[in-house]
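Chemist:
In my numbering, the protein residues as written are 18 to 364.
1. Ends of the alpha helix (DSSP H) at residue 36?
2. If you reduce the DSSP assignment to three classes, tell me which class residue 260 lands in.
3. Would you decide whether residue 134 is buried or exposed? Buried here means 16 or more other CB atoms lie within 10 Å of its CB.
4. Based on the DSSP secondary-structure assignment, which residues constitute the bridge partners of residue 122?
5. Sorted by chain position, which residues of the same chain lie with C-beta nearer than 6 Å to residue 29's C-beta, five sequence neighbours on each side aside?
6. Can you list the beta strand (DSSP E) stretches of 3 or more residues lying completely in the stretch 270-348, in chain order?
7. Check residue 51 in the structure and name its three-state DSSP category.
8. What is the residue span of the beta strand (DSSP E) that residue 195 lies within?
9. Residue ranges of each beta strand (DSSP E) run of no fewer than 3 residues wholly in the stretch 161-211, ordered along the chain?
10. Short check: CB of residue 52 to CB of residue 41, under 9 Å?
11. What do you get for residue 66, buried or exposed, if any count of 16 or more other CB atoms within 10 angstroms of its CB means buried?
12. In whole angstroms, give me the CA-to-CA distance for residue 179 and residue 275.
13. Check whether the stretch 289-305 touches the stretch 243-261, counting contact only when three or more Cβ pairs, one atom from each stretch, lie closer than 8 Å.
14. Based on Cα-Cα distance, which residue from 91, 95, 138 and 59 lies nearest to residue 20?
15. Could you give the distance in angstroms between the alpha-carbon of residue 136 and the alpha-carbon of residue 217?
16. When DSSP labels each residue in this structure, what does residue 19 get in the three-state scheme?
17. Nearest CA to the CA of residue 23: which residue from 55, 220 and 44?
18. My assumption, with CB atoms under 8 Å, is that residue 192 sits in contact with residue 225. Please give the rounded CB distance.
19. Straight-line CA distance for residue 114 to residue 145?
20. Taking 8 Å as the threshold, find out whether the stretch 308-319 comes into contact with the stretch 185-201 through three or more Cβ pairs.
21. Would you identify the three-state DSSP class for residue 255, choosing helix, strand or coil?
22. In terms of residues, what are the limits of the alpha helix (DSSP H) holding residue 111?
23. In this structure, does DSSP put residue 71 in helix, strand or coil?
24. Between residue 171 and residue 289, is the Cβ-Cβ spacing less than 9 Å?
25. Using alpha carbons as the reference points, say which of 158, 132 and 330 lies closest to residue 143.
26. Contact defined as beta carbons within less than 8 Å: I believe residue 329 pairs with residue 205. What is the distance between those atoms, to the nearest angstrom?
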């Protein structure tokens with residue numbers, strides 16, 4: 018059985034999609050799974066043992082380009098028994114339809130009648146988690162999902178990790194704290210730089226080193242964290258934001274002793290690498306897309322106004338993150354990695 022998955026457009030969603038691939042392999046051990054997704058997702062898919070091939074969809078997010086979708090669909094004709102669509106958009110249904118894939122499965126979305134012939138109606142109360150909505154598409158409508166739920170697990174090649182360490186001149190002679198202070202969603206997901214800097218200071222004084230991960234848009238934020246430290250400490254911070262490829266970031270993060278992250282795609286990468294993880298939530302909630310790993314501490318204030326799921330704070334104060342001080346994050350790290358930590362009064 019050959020299955021084409023039309024993948025999601027965000028890093029975290031792509032990581033969580035592995036739960037669907039795992040369910041398909043449990044149900045059909047001999048099935049072959051290919052994933053059609055943006056080219057950036059290839060490093061993630063290549064680290065999922067369930068995926069046979071990553072197929073590039075050379076279109077930006079939200080771009081229709083009917084001719085390109087038709088060309089890709091015709092090139093895939095006759096190769097698959099089933100297509101499963103994870104996005105709910107009409108656009109995502111076009112390639113499987115042009116390919117003439119016999120069974121085309123997905124949730125009812127943007128007027129996809131006819132494009133899909135195995136169309137499902139989502140019961141959000143029954144499937145509150147995103148992974149449940151992904152996993153359910155591996156089974157017949159109404160079927161019970163397997164318990165316990167599978168967790169995403171990215172496979173790391175040791176030689177690739179060593180090459181990345183060499184590329185950036187990094188050593189594993191001391192414990193590594195990985196910080197992921199960015200979030201494409203916006204400021205409402207970003208814990209303040211001064212709080213990240215305090216956590217970095219505490220760990221560096223204990224003999225750790227700090228690696229900061231993120232996109233090129235996060236580089237300035239990483240520098241802000243680094244420059245808040247005094248000389249002698251800031252040199253222990255490697256700001257890798259915007260310097261690494263996604264593949265290199267994944268391989269390097271797999272070497273981290275612990276990770277502190279906002280609710281972001283890299284949070285889900287850290288979870289899929291099974292790194293001890295402190296996940297910081299402000300305007301969003303772990304009730305829909307929690308990090309899926311064994312060693313996770315979720316830290317949030319739970320103010321009356323949160324979660325609001327808005328990109329900008331309607332009150333302008335962002336207190337759900339600004340008032341979340343470093344102490345609970347440090348204490349969470351303590352529980353995860355077993356260190357004895359102290360903080361100055363007021364943190």
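Backbone N, C-alpha and C define an ideal beta-carbon position, used for all residues, glycine too. Note that the structure is a prediction, hence the values are computed from the model and not measured.
Modeler: In terms of the structure at hand:
1. 35-44
2. coil
3. exposed
4. 101 and 135
5. 282 and 285
6. 275-279, 294-297 and 313-316
7. strand
8. 193-197
9. 193-197
10. no
11. exposed
12. 19 Å
13. no
14. 95
15. 49 Å
16. strand
17. 55
18. 5 Å
19. 29 Å
20. no
21. strand
22. 111-116
23. strand
24. yes
25. 158
26. 6 Å
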